[in-house]
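Participant: Under the numbering used here, the first residue of the sequence shown carries the number 9, and numbering increases by one thereafter. Backbone N, C-alpha and C fix where the C-beta goes; we use that ideal spot for every residue, glycine too.
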Amino acid sequence: MITKSHIIINGHKHVAYQSNVLPKEELIKQSKDFYSLLDKRRSVREYSDSPVPKEVIETLIKTASTAPSGAHKQPWTFCAVANPNLKTKIREAAEIEEKESYESRMSDRWKKDLEPLGTNMHKPFLEKAPWLIIAFKKVHDISDNGEKINNYYVNESVGIACGMLITAIHNAGLVTLTHTPSPMNFLAKLLNRPSNERAFLLLPVGYPKEPTYVPNIERKPLDKIAEFYE
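#1: When burial is assigned at 16 or more other CB atoms within 10 Å of the CB, is residue 59 buried or exposed?
#2: Per DSSP, what are the beta-bridge partners of residue 154 in this structure?
#3: Measure from the alpha carbon of residue 189 to the alpha carbon of each residue in 102, 85 and 75, then state which is nearest.
#4: Return the chain-ordered ranges of every alpha helix (DSSP H) run that is complete within the stretch 36 to 103 and spans a minimum of 4 residues.
#5: Quick one, which of 145, 111, 172 and 16 has its alpha-carbon nearest residue 159's?
#6: Residue 208 and residue 143: beta carbons closer than 8 Å?
#7: Buried or exposed for residue 219, please, with buried defined as at least 16 other CB atoms from any protein chain shown within 10 angstroms of its CB.
#8: Compare the C-alpha of residue 90 against each of 66, 111, 151 and 197 and name the closest.
#9: In whole angstroms, give me the CA-to-CA distance for residue 48 and residue 175.
#10: Along the alpha helix (DSSP H) that carries residue 201, what are the first and last residues, could you check?
#11: Under the three-state reduction of DSSP, which class applies to residue 207: helix, strand or coil?
#12: Is the number of C-beta pairs between the stretch 195 to 213 and the stretch 36 to 43 that are closer than 8 Å three or more?
#13: Leaving out five residues before and five after residue 61 in sequence, what residues of the same chain have Cβ atoms less than 8 Å from its Cβ?
#14: When the Cβ atoms of the stretch 167 to 184 are set against those of the stretch 67 to 87, are three or more pairs found closer than 8 Å?
#15: With burial defined as no fewer than 16 other Cβ atoms inside 10 Å of the residue's Cβ, what is the status of residue 165: buried or exposed?
#16: So, do the stretch 149 to 158 and the stretch 124 to 136 have three or more beta carbon pairs nearer to each other than 8 Å?
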């Protein structure tokens, strides 16, 4: 069968999708292998200062940007920070917010729930990790003539992109941590971001310090996270 390279739908060009259909046995194997890889992913708070090539960070961000988004608006900007002075400023500002959170914003129950993770208001990883990637969501875009352009499902779109970024980081043999100092307005100010962008997530990226220890926690089993209707 001859397949057209493209067709026109609603006046717009659509290209033929290049599928990769696997035999059943290979499909099962690949899905299990990928699960095994990601099941080893952990949030890491202690980093080596070994450098990570900028090219790797560029590729990770490009991988994240393959994520689906509402109306294909791609409402995100990923800011990659390696400058030591800027990382220090980010740490200082983040710890101000973290101190306020731990001392007055967070409930006793919340802090109790965090105890097994070994986290606290001090965030040395913001300086030690060779890279910080800050994901900003674009609540709307701005045209060249200054007009507002709508974006759709912004939180969902940026959340999916960040999930793919975390997966790409782990796949590359690096580690990260989802850091959300609240509020995060200081990040837009320090990075001189436009008014239509809001900080969504901060990810330190690098190699783990050797040795590094992580909490001995378990993930919920399948029967606790899924329901099947067959």
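Facilitator: Working from what's here:
#1: exposed
#2: According to DSSP, which records beta bridges pairwise, residue 154 is partnered with nothing at all.
#3: 102
#4: 62 to 72
#5: 145
#6: yes
#7: exposed
#8: 66
#9: 11 Å
#10: Where residue 201 is concerned, there is no enclosing alpha helix (DSSP H), given that its DSSP letter is neither H nor E.
#11: strand
#12: no
#13: none
#14: yes
#15: buried
#16: no
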